[in-house]
Amino acid sequence: MTSADFAHTDRAEKNRREKAVGLARYTWNRGVTGAELLAMSDDTRRRLARAADAHPPRTMETWALVAQLLDEKTAWAHEHPDHPSATRTHPDEKIMWVKPPVRSWLD
16 MTSADFAHTD
26 RAEKNRREKA
36 VGLARYTWNR
46 GVTGAELLAM
56 SDDTRRRLAR
66 AADAHPPRTM
76 ETWALVAQLL
86 DEKTAWAHEH
96 PDHPSATRTH
106 PDEKIMWVKP
116 PVRSWLD
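All letters in the sequence shown, in the order written, are residues 16 to 122 by my numbering.
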């Protein structure tokens with residue numbers, strides 16, 4: 016008897032995609048890139064998901080899809096700069112998720 020892989024059914028893929036789109040929309044509007052998202056700690060990504068009113072994904076598979084969607088949206092926005100959807104709505108909130116590098120006092 017083989018065990019069923021419920022994480023990769025058509026329904027699971029659809030749910031993963033829907034969650035990823037919602038997370039990507041929230042994250043993109045805050046100016047976070049795909050690389051920055053993947054570099055975040057698990058705890059930060061969980062807090063980000065909750066802020067986006069989503070249950071935090073259990074696996075990196077969903078986060079990888081979110082990062083891919085962010086990169087695609089960024090490329091699209093560069094090609095269509097005059098389109099209203101190419102403008103981030105909350106770029107000032109990026110600092111809540113991505114901290115700038117700490118500068119040395121000696122610099």
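Virtual Cβ for every residue (Gly too), placed ideally from N, Cα, C.
Q | Thr77 burial status per 10 Å Cβ neighbour count (16 or more: buried) | A | Translated into the one-based positions of the sequence shown, residue 77 becomes position 62. With a threshold of 16 other beta carbon atoms within 10 Å, Thr77 meets it and is buried.
Q: Within the same chain, show all residues whose beta-carbon is closer than 7 angstroms to that of Asn44, passing over the 5 residues directly before and after it, in chain order.
A: On the sequence shown, position 29 is the one that residue 44 refers to. When the five nearest sequence neighbours on each side are left out, the beta carbons in the same chain lying within less than 7 angstroms of the beta carbon of Asn44 are those of Arg103, Thr104, His105, in order along the chain.
Q) Start and end of the alpha helix (DSSP H) containing Trp43? A) Residue mapping note: residue 43 aligns to position 28 of the sequence shown, counting from 1. DSSP places Trp43 in the uninterrupted alpha helix (DSSP H) bounded by 25-44.
Q.
Tell me which residue opens and which closes the alpha helix (DSSP H) that Ala86 is part of.
A. Here residue 86 refers to the residue found at position 71 of the sequence shown. It should be noted that the sequence gives Asp, not Ala, for residue 86. First-last of the alpha helix (DSSP H) with Asp86: 75-94.
Q: Name the residue from Thr74, Pro99, Glu33, Leu53 whose alpha carbon lies nearest to the alpha carbon of Trp112.
A: Sequence index remark: in the sequence shown, residue 112 carries index 97 (1-based). Checking every option, the nearest Cα to that of Trp112 belongs to Leu53.
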